[in-house]
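Per our numbering, residue 1126 is the first one in the sequence shown, and the count goes up by one each step.
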Amino acid sequence: MNPKATMDKPKSKISASRKLSLKMMLLARAIEELEKEKVDREDEKERYLGEKLPPLQLSGLSMKDLQTLCEQLHAKMGVVDEERYDCEEKVTKHNKDIRELKLKVQDLGGKFKKPALRKVRVSADEMMRALLGSKHKGSMDLRANLKSVKKEDIKQEKVLTSEVGDWRKNVEAMSGMEGRKKMFDAAGGQ
């Protein structure tokens, strides 16, 4: 064994069995407290309902008295429903405020570091598939979309250019008054 390792860790003054017994006592105490809290909540609920909703005495009431009682109960239900809605809105507002404050605390703490980005080689097809998903159809292979030129086409172009002849002869034929007259006649201006 390394003597430094034993010196770095101070020995616990409480034995493992003592720690276990303390944990068991704490758990038993917590269970008792939870049961007591549950009973207290039930008592509080009964007391509150007793205040807000007294027991109904329906025996010996006439039809008109029953109708007025129903109207009163309906009005009370409306008030209680409004209170419930207001409480729910307050809770949602407070939850939103708590979330915003947590974000501010995290921002002030500066725990978040911007991760270092690494270079990724992605082809155009993979990029389009990532952006568009299943909508991406077809290939982005630009070479495939180019027009192919066959050797036969090149030979035909050479034949056409040889038929036209020398450009100098064409210019000499069109120069002067004779050339302009030919152009005028060819345009249909007779």
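Glycine included, C-beta positions come from ideal geometry on N, C-alpha and C.
Cβ neighbours of Glu1171 in the same chain (closer than 7 Å, five flanking residues each side left out): Here the set comprises nothing.
Through-space distance from Lys1163 to Glu1176, alpha-carbon basis: Straight-line Cα distance between these residues: approximately 20 Å.
Backbone CA spacing between Asn1220 and Asp1190 [nearest angstrom]: Here the alpha carbons of Asp1190 and Asn1220 stand approximately 45 Å from one another.
Distance, Val1230 Cα to Ser1140 Cα: Their backbone Cα atoms lie some 40 Å apart in a straight line.
Simplified DSSP state of Leu1145, which is helix, strand or coil: Three-state DSSP puts Leu1145 in a helix.
Spatial distance of Lys1161 from Leu1242 (CA atoms): The straight-line gap from Cα to Cα measures roughly 55 Å.
Cα-Cα separation between Leu1183 and Thr1193, rounded to whole angstroms: Leu1183 and Thr1193 have their C-alpha atoms some 12 Å from each other.
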